[in-house]
Amino acid sequence: MDVNEIEYTNLYPKDEECPRGLPSKIESGYQAAQRVRNIDANAYAVLLGRVLDLVCDDRNATGDTLDKRLKSLSKRGEIPEKLIDVSSGLRKLRNIGAHADLGELSSDVLPVLDGLTRAILEYVYFAPLLIEETEKRLDKLKKKKAKNTLKNDTTDHLKE
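One gets this note's numbering by counting positions in the sequence shown from 1 and adding 121 to each.
Following this line, the structure appears as C-alpha cells:
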C-alpha cells in the first residue's frame, strides 16, 4: 500500500459544527479557527477575527478598518446595532491575541469568543437560511393542502 493512498480522519478534537448557510470561504475560515481552538487561545482569536474580515468581504462592507467595515454593515441593516457591540468585543479580543504587547488570552476566554462569533454568523447567514427553508416548507404544505382540498371537492362532486 502506498503511503499517499492513506486517508486520515481526525477523531479528536472533534470539529465544532459550523452554523449552516455559511459561504464556503467563511466556513473554511471558521473550521481553521476551530482546529487551533484548544491549542492556542491567541491564535484562535486571530483566526476568528479573520472570519469577521471574510464576512465583511462577503457582504461588501466599506471602510479601511474592521471596525469601520462592521459599522458599515450595521448602517445598511445587515447587522443590528447590538451585534456591533458584540463584534467590537471580538475585534478587541482578536487584537489582544494578535499583539503580544496588549496581553495574553487564556482558555477562559474561549466560550466568549465562541459565543460572539456564532452570534454574528447565525444572524448574518443562518437566520436568513432558516427563514427561507421555513417559507419553502410552508408553501409546500399549502400546496399539499390545496391539492387535497381540490381532490376532496372532486370526490364530493362524483358522489353527487
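Beta carbons are placed, not taken as given, at the ideal position from N, Cα and C, and that holds for glycine.
The region 156-172 and the region 204-221 touch, with three or more beta-carbon pairs separated by less than 8 Å.
Ranked by how close their Cα comes to the Cα of Leu223, the residues Ala248, Ala182, Asn163, Lys261 have Asn163 in first place. Distance from the CA of Leu175 to the CA of Leu237, rounded to the nearest whole angstrom, comes to 15 Å. Residue range 162-179 is occupied by the alpha helix (DSSP H) that includes Cys177.
The C-beta separation of Pro140 from Arg239 comes to about 6 Å, placing the pair in contact by the 8 Å criterion. Excluding the 5 residues flanking it on each side, Leu143 has same chain C-beta neighbours closer than 6 Å at Tyr246, in chain order. Excluding sequence positions up to five before and after Glu199, its CB lies within less than 6 Å of the CB of Arg180, all in the same chain and listed in chain order.
For the region 193-254, the full-length alpha helix (DSSP H) segments reaching 4 residues or more read 202-219, 231-242 along the chain.
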